[in-house]
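Data block below; observations after.
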Amino acid sequence: MLNTLSKWSDRVIEAAAVLLLLAMLAAVFLGVVFRLVGEPLAWSDEAAQYLLVWTAFVGWIIASRSRAHIRIGLIIDRLKGRARQAAEIAAQVLVALLGMILLVKSFGLIQRNIDVEWVSLPLSVSLVYIPMPIAGLAVILQALVQIIEVIKGKHRFVVATEVPL
């Protein structure tokens, strides 16, 4: 069941990434086309910027899930056995801590910006912060899964020079 849930969540996240990229592309494309015909859209640049922020958070979730984050493995890649496991667990605890900070602090950002509007549209600026708690929670959960995998011995250690596909 956990495997099915994991595959389902991966598909949802990947679909969100595709939709966000397409929406950002559409906003930029419409902005360029309308500028060319002399009728610039006031909202296209701002919408593209917000969509870029959302896409970055979804990308963070995808990179965390596929273990594709940038790693500097100068020390950790040379460790073996229990020392390697302890280092991997420590790294995931730090990732989970970052996710927890993001999760906790994001609600304050959303609340403080709820009454601030976009420059170009009557939408709340807090919309840009909506993916923060989602990304924080997703990264925490993924870090916990990776810690469990390390403890159970099911974790595949990635060497820093490898690029997971």
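The opening position of the sequence shown corresponds to residue 0 in numbering that gives the first Met the number 0, with each subsequent residue numbered one higher. Don't be surprised by glycine CBs; every beta carbon is placed ideally from N, CA and C. All values derive from a computational prediction rather than experimental measurement.
Bridge partner(s) assigned by DSSP for residue i
| i | result |
| --- | --- |
| E116 | S123 |
Alpha carbon of residue i to alpha carbon of residue j, nearest angstrom
| i | j | result |
| --- | --- | --- |
| V149 | A82 | 12 Å |
| G37 | Y128 | 33 Å |
| L50 | A137 | 19 Å |
| A14 | P130 | 15 Å |
| L96 | I60 | 15 Å |
| M99 | F28 | 36 Å |
Local Cβ density within 10 Å of residue i, reported as buried at 16 or more and exposed below that
| i | result |
| --- | --- |
| G80 | exposed |
| W7 | exposed |
| V94 | buried |
| A26 | buried |
| L4 | exposed |
Sequence-distant residues of its chain with Cβ nearer than 7 Å to residue i (five each side left out)
| i | result |
| --- | --- |
| V118 | E45 |
| M23 | A47, L50, L51 and T54 |
| W42 | S119 and L120 |
| S125 | I109, N112 and I113 |
Same chain, Cβ closer than 6 Å to residue i, five either side skipped, listed in chain order
| i | result |
| --- | --- |
| L78 | A86 |
| A62 | H68 |
| F56 | P130 and A134 |
| P39 | F33 |
Original post:
Taking the runs of the alpha helix (DSSP H) that are 4 residues or longer, which of them lie wholly in the segment 24-103?
Top reply: Here the runs fully enclosed are 43-64.
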